[in-house]
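Mapped onto numbering that gives the first Met the number 0, the consecutive letters of the sequence shown carry residue numbers 0 to 248.
Built from N, CA and C at the ideal position, the CB exists for glycine as well.
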Amino acid sequence: MKILVAVKRVIDYNVQIRVKEDGTGVVTDNVKMSTNPPDDNAIEEAVKIKEAGKATEIVAVTVGEEKAQETVRKALAVGADRGIHVKVDGIVEPLAVSKILQKIADKEKPDLIFMGKQAIDDDCNQTGQMLAALLNWPQATFASKIEVKDKSLEVIREVDEGLETIEVNVPAIVTCDLRLNEPRYASLPNIMKAKKKPVEQINSSDLGIDTKPRIEQIKVEEPPKRKAGIKVANVAELVEKLKNEAKVI
Ligand code: AMP
Numbered sequence: 000m001k002i003l004v005a006v007k008r009v010i011d012y013n014v015q016i017r018v019k020e021d022g023t024g025v026v027t028d029n030v031k032m033s034t035n036p037p038d039d040n041a042i043e044e045a046v047k048i049k050e051a052g053k054a055t056e057i058v059a060v061t062v063g064e065e066k067a068q069e070t071v072r073k074a075l076a077v078g079a080d081r082g083i084h085v086k087v088d089g090i091v092e093p094l095a096v097s098k099i100l101q102k103i104a105d106k107e108k109p110d111l112i113f114m115g116k117q118a119i120d121d122d123c124n125q126t127g128q129m130l131a132a133l134l135n136w137p138q139a140t141f142a143s144k145i146e147v148k149d150k151s152l153e154v155i156r157e158v159d160e161g162l163e164t165i166e167v168n169v170p171a172i173v174t175c176d177l178r179l180n181e182p183r184y185a186s187l188p189n190i191m192k193a194k195k196k197p198v199e200q201i202n203s204s205d206l207g208i209d210t211k212p213r214i215e216q217i218k219v220e221e222p223p224k225r226k227a228g229i230k231v232a233n234v235a236e237l238v239e240k241l242k243n244e245a246k247v248i
């Protein structure tokens, strides 16, 4: 079983996001970047499956600018065998990413493609679903437990109503939820070893994919600032304010 894992480079989830003064986007210069958190779960799950002797190779793939290669290296440091970096400058929308991943899947012929459930920068939650449609493969989204069977997977999905168990035949797309596992840290020796693992660089234009954005971003704004709260002296004052100022009771 060969597993392809899609990993995206995003602003680290601990960073306080700042909007650019001209409203054209968010500040990324000198900002800490990391792997999209659910993509870490996707890599971890692939590595666990390989450690259990049920996968033979893990290929990490990223689409993005030059520095996105760091994200592939991190995946290699926690257990992926080799990497693919598809170079694209500027914003790449989910449709373009899924078309690129379709080309990679046609070439690599993986049995499984693991991805994150959602990228924390664009919050699109689209790429896995679009890729499944393009490849005409079954999809198991929001996976919080995966059991590898002979030619299928049993997947528990996190849905609004609770947990849903489904079975999908391979080849399949799985998008991973944060509750799927606890991603491991890369040890220093493994980070060093990862430097020697192969990473293939491909230009998106060589794949014949038009990555021009289809969405026009009009403006990015900070959410309105919350007004400061007030302290009330007693319950009577609280009730009075809720009744006459907030008008909620
Ligand atoms: P999204 O549809 O943007 O919310 O992204 C869902 C998932 O698709 C992410 O968690 C990644 O696994 C994958 N993905 C999206 N964009 C990229 C990218 N530029 N490179 C690699 N994987 C990506």
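Need the endpoints of the alpha helix (DSSP H) that residue 15 sits in, please. First-last for residue 15: undefined, no H or E at that position.
At least three beta-carbon pairs within less than 8 Å, the region 178-187 to the region 71-80: As far as the Cβ criterion goes, the region 178-187 touches the region 71-80, which means the pair count is three or higher.
Using 8 Å as the cut-off, can you tell me whether the region 88-103 makes contact with the region 192-212, which would need three or more C-beta pairs spanning the two stretches below that distance? Enough Cβ pairs lie closer than 8 Å, so yes.
For residue 89, I'd like the list of residues in its chain whose CB is within less than 7 Å of its CB, leaving aside the five on either flank, ordered along the chain. Nothing meets the Cβ criterion.
Sheet register partners of residue 144 (DSSP bridge): DSSP lists 155 as the bridge partner or partners of residue 144.
Report the CB separation of residue 219 from residue 18 in whole angstroms; it is logged as a contact under 8 Å. Rounded, the Cβ-Cβ distance is 5 Å, consistent with contact.
Starting from the C-beta of residue 116, find all residues in its chain whose C-beta is less than 7 Å away, skip the five residues before and the five after it, and write them out in chain order. Non-local beta-carbon contacts of residue 116 in its own chain, meaning distances under 7 Å to residues more than five positions away in sequence, involve 37, 124, 140, 141, 174, 175 and 176 in chain order.
Does the distance from the C-beta atom of residue 167 to that of residue 152 stay below 8 Å? In contact: residue 167 and residue 152 (Cβ atoms closer than 8 Å).
Does residue 127 come out as helix, strand or coil in the three-state DSSP assignment? It is helical.
Can you tell me which residues form a DSSP beta bridge with residue 262? With the chain covering only 0 through 248, there is no way to say anything about residue 262.
Using the three-state DSSP reduction, which class does residue 54 fall into: helix, strand or coil? The DSSP-derived three-state label of residue 54 is coil.
If distances are taken between C-alpha atoms only, which option among 33, 26 and 0 comes closest to residue 13? Of the candidates 33, 26 and 0, the one whose C-alpha sits nearest the C-alpha of residue 13 is 33.
Straight-line Cα distance separating residue 203 from residue 61: If I take the Cα positions, the gap works out to 11 Å.
Can you give me the start and stop residues for the beta strand (DSSP E) that residue 160 sits inside? Careful: residue 160 lies outside any beta strand (DSSP E) and carries neither H nor E.
Is residue 126 near the ligand AMP - that is, is its Cβ less than 7 Å away from at least one heavy atom of it? Taking 7 Å as the cut-off, one finds at least one heavy atom of the ligand AMP near enough to the beta carbon of residue 126.
Whole angstroms are fine: how far does the CA of residue 240 sit from the CA of residue 230? Taking the straight line joining both Cα atoms gives about 11 Å.
Within the present structure, is the beta-carbon of residue 63 separated from the nearest heavy atom of the ligand AMP by less than 7 Å? At a threshold of 7 Å, residue 63 counts as near the ligand AMP, since its beta carbon sits closer than that to one of the ligand's heavy atoms.
Measuring only the C-alpha atoms, how far is residue 53 from residue 224? About 51 Å.
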